[in-house]
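Asker:
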Amino acid sequence: MLQVKNICCIGAGYVGGPTMAVIALKNPNIKVNVVDINSDRIAAWNTDDLPIYEPGLLDVVKQARGRNLFFNTDIETGIKEADMIFISVNTPTKTFGVGKGRAADLRFVELCARQIAQLSTTDKIVVEKSTLPVRTAQAVKTILSETGNGIKFQVLSNPEFLAEGTAIQDLMQPDRVLIGGDQTPEGLAAIEALTSVYASWVARERIIQTRLWSSELSKLTANAFLAQRISSINSISALCEVTGADVDEVAYAIGSDSRIGSKFLKSSVGFGGSCFQKDILNLVYLCEYFGLPEAAAYWEQVIILNDYQKRRFAMNIIQTLFNTVSGKKIAMLGWAFKKDTNDTRESAAIYVSDHLLNDMANVYVFDPKVPEKEMYDDLDYLGTRSKDENRKLLKVVNDPYEACKGAHAIAVITEWDEFKTYDWKRIYDGMMKPAFIFDGRNILDHKKLMEIGFKVKAIGKSY
Ligand code: UDX
Ligand code: ADP
């Protein structure tokens, strides 16, 4: 059997970094090289101040780093030495041209494939780790087969199912590991080689082996199904607010049906993150591409509902504050797309603040892990207004009490645990009256807040 001895992972991001750290920890005999073009990022991976925040990650990295886990910018050597290469680069949604706003931009993946083709002097297994639209492996294969130097490549799809904030836990105890490959003797051997890497700590029956396309499509489908549940419950949250039902009670009642199940039914200000929106748009694009407009429209609705939820939350703030927030201070607690991560990609905070800024609000943001620069980059990227205006209207502070002082309203966007521990009486005393709080995550004790004097508005609640 093919024994993997040297792994190279191209891309040291939220997926590549944690995944390789755990693979290295669990396979001390395999040398794992994580390479990236971003030298700042690589430098940070070699310190104790890692470029991404993830509970438990530093501990894992420290155990393996320097032993069999290495981070560097020498992509060339990394590729040459490896017998297995993971492609873990970013695949953002295209912002221009054919498939704009929907299809995945594969130029980074394509570049990696070309580099691998150019530099390889021995046979290699190439593993797609980035989320990729179905049939990308074909493109990767085509590029790799054109080298003309007789080197053989096997392409595998091994989608990542880890969620940010729980990445280490998800990697250590995965529900399943999915490996897709060609159903030829060489393809099956490659699948086995990767299976044995995971089998160091994952039970064999949890490692699912499929053909290449099934694996790629399963990743998009898994995320589409998860996001669909959130949009479904969020559509009901709107109904709850106007009827007097309580969305948490509804979620609990329906989630108790084992056929539905209790997970992913937490109503919120809208889902964010690097996967859900991108993957669904990808699915929509694929359906359209293959002439299936009804299927495309079906999945697109999940996104439409999510945009509606973010807009609805912002509009509720504006309407409640007597139809104008112009010149009013609004405190925003949380900028990350969920707790326990410093990732802000597609975070609801970006869109909610954009709506509020359109109404000339003065937004003061506090997030325990997201740096100021990231917040301004996110806003500037939207292109709604000039950089100067963004900096004039939105301020970033590193103290939650300062963010709330003199504010007319507080908007809770991320479910950070520490928000629950604040001295809410002190916050209330320092605010303009009436003092409103909009809980976009339903994490606070609303009864207690109302006793203090707050006017509470929350997702799916009608008080
Ligand atoms: C997701 C998938 O869960 C993971 O399997 C895949 O590999 C990558 O995409 P991630 O984006 O890291 O992971 O986070 P996830 O926990 O799925 O949350 C996504 C968004 O949905 C967050 O904004 C979260 O706050 C929101 N969410 C989640 C809800 O609003 N309600 C829920 O019940 C669950
Ligand atoms: P993900 O969440 O998918 O891990 P990230 O954006 O966090 O996405 O990480 C992707 C990483 O891939 C980035 O650090 C980026 O610099 C790196 N990258 C992109 N293209 C290349 C390339 N051609 N060679 C090496 N690294 C690359």
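In the working numbering, the protein residues as written are 1013 to 1475. We put the CB at the ideal spot given by N, CA and C, even for glycine. Computed from a prediction, not measured in an experiment: that's the story for all the values here.
1) Just the Cα atoms here: how many angstroms apart are I1203 and E1228?
2) Using the Cα positions of R1533 and I1191, report the straight-line distance between them to the nearest angstrom.
3) Looking at the structure shown, is F1450 part of a helix, part of a strand, or coil, going by DSSP?
4) Express the C-alpha separation of F1334 and G1025 in angstroms, rounding to a whole number.
5) Is Y1210 buried or exposed, if buried means 16 or more other CB atoms sit within 10 Å of its CB?
6) Tell me whether C1020 sits in a helix, a strand or coil according to DSSP, three-state version.
7) Starting from the N-terminal end, write out each residue whose C-beta falls within a distance shorter than 6 Å of any non-hydrogen atom of ligand 1.
8) Is G1285 buried or exposed, if buried means 16 or more other CB atoms sit within 10 Å of its CB?
9) How many Å lie between R1357 and K1164 at the Cα?
10) Excluding the 5 residues flanking F1283 on each side, which residues of the same chain have their C-beta closer than 7 Å to its C-beta?
11) Can N1102 be considered in contact with ligand 2, in the sense that its beta carbon sits closer than 6 Å to one or more heavy atoms?
12) Taking only the alpha-carbon atoms, compute the straight-line gap between I1233 and L1168 and give it to the nearest angstrom.
13) May I ask which residues mark the beginning and end of the beta strand (DSSP E) holding N961?
14) Just curious, the alpha helix (DSSP H) that Q1127 is in, first and last residue?
15) If you run the structure through DSSP and keep just helix, strand and coil, what is T1107?
16) For ligand 2, I want to know if A1024 counts as a neighbour, meaning its beta carbon is within less than 6 Å of at least one of the ligand's heavy atoms.
17) Near T1103, what residues of its chain come up, given a Cβ to Cβ distance below 8 Å and the 5 sequence neighbours on each side ignored?
18) Who pairs with Q1002 in a beta bridge, going by DSSP?
19) Suppose the cutoff is 6 Å on Cβ atoms and the five residues either side in sequence are ignored; what does the same chain contact list for D1451 look like?
20) Are the beta-carbon atoms belonging to V1375 and I1342 less than 7 Å from one another?
21) Based on Cα-Cα distance, which residue from M1443, L1062, F1082 and N1045 lies nearest to C1416?
22) Does the Cβ of L1232 lie closer than 6 Å to at least one heavy atom of ligand 2?
23) Please determine whether the Cβ atom of D1117 lies at a distance below 6 Å from any heavy atom of ligand 2.
24) Verify whether the separation of the beta carbon atoms of V1478 and I1455 is less than 7 Å.
25) From A1421 to R1079, what distance separates their C-alpha atoms?
26) I need the boundaries of the alpha helix (DSSP H) containing N1494, first residue and last residue.
Answerer: Per the coordinate set shown:
1) As a position in the sequence shown, residue 1203 is number 191, starting the count at 1. As a position in the sequence shown, residue 1228 is number 216, starting the count at 1. Roughly 14 Å between the two C-alpha positions.
2) Here the chain covers residues 1013 to 1475 and nothing more, so residue 1533 does not appear.
3) Taking the sequence shown and counting its residues from 1, the one referred to as residue 1450 is at position 438. The answer is strand: DSSP assigns F1450 an E or B state.
4) On the sequence shown, position 13 is the one that residue 1025 refers to. On the sequence shown, position 322 is the one that residue 1334 refers to. Roughly 44 Å between the two C-alpha positions.
5) Residue numbering aside, residue 1210 sits at position 198 when the sequence shown is read from its first letter. That one is buried.
6) Locating residue 1020 in the sequence shown gives position 8, where the first residue counts as 1. Here C1020 sits in strand by DSSP.
7) E1172, F1173, L1174, A1175, E1176, N1235, L1238, I1242, F1276, L1277, K1278, S1280, F1283, G1284, G1285, C1287, F1288, F1349 and K1350
8) Residue numbering aside, residue 1285 sits at position 273 when the sequence shown is read from its first letter. G1285 comes out buried.
9) The residue given as residue 1357 occupies position 345 in the sequence shown. The residue given as residue 1164 occupies position 152 in the sequence shown. Distance between the alpha carbons of R1357 and K1164: 37 Å.
10) For the purposes of this step, residue 1283 is taken as the residue at position 271 of the sequence shown. Excluding positions up to five away in sequence, the list reads A1239, I1242 and N1318.
11) Position 90 of the sequence shown, counted from the first residue, corresponds to residue 1102. Yes, ligand 2 has a heavy atom inside 6 Å of this Cβ.
12) Within the sequence shown, residue 1233 is the residue found at index 221, counting from 1. Within the sequence shown, residue 1168 is the residue found at index 156, counting from 1. Checking the displayed sequence, the identity of residue 1233 turns out to be Thr instead of Ile. One C-alpha to the other measures close to 18 Å.
13) Coverage of the chain is limited to positions 1013 through 1475, which leaves residue 961 absent and any answer about it impossible.
14) In the sequence shown, residue 1127 corresponds to position 115, counting from 1. Per DSSP, Q1127 belongs to the alpha helix (DSSP H) from R1119 to L1131.
15) Stepping through the sequence shown from its first residue, residue 1107 is reached at position 95. T1107 falls in the coil class under three-state DSSP.
16) In the sequence shown, counting from the first residue as 1, residue 1024 sits at position 12. Checking the Cβ of A1024 against ligand 2 gives yes.
17) On the sequence shown, residue 1103 is found 91 positions in, with the first residue counted as 1. Excluding sequence neighbours, T1103 sits near A1116, D1117, L1118, F1120, V1121, S1142, T1143, L1144 and K1290.
18) The chain is shown from 1013 up to 1475; residue 1002 falls before or after that span and cannot be answered.
19) What you label residue 1451 is simply residue 439 of the sequence shown in a count that begins at 1. For D1451, where only same-chain residues beyond five positions count, the Cβ hits under 6 Å are V1424 and A1470.
20) As a first step, residue 1375 must be located in the sequence shown, where it is residue number 363. As a first step, residue 1342 must be located in the sequence shown, where it is residue number 330. Against a cut-off of 7 Å, the Cβ pair of I1342 and V1375 comes out as a contact.
21) Stepping through the sequence shown from its first residue, residue 1416 is reached at position 404. It is M1443.
22) The residue labelled residue 1232 in the question sits at position 220 within the sequence shown. The answer is no for L1232.
23) If you number the sequence shown from 1, residue 1117 lands on position 105. No.
24) Because the chain spans 1013 through 1475 in this model, residue 1478 falls outside it and cannot be assessed.
25) Position 409 of the sequence shown, counted from the start, is the residue given in the question as residue 1421. Position 67 of the sequence shown, counted from the start, is the residue given in the question as residue 1079. Answer to the nearest angstrom: the Cα atoms are 51 Å apart.
26) It is not possible to answer for residue 1494, since the shown part of the chain is limited to 1013 through 1475.
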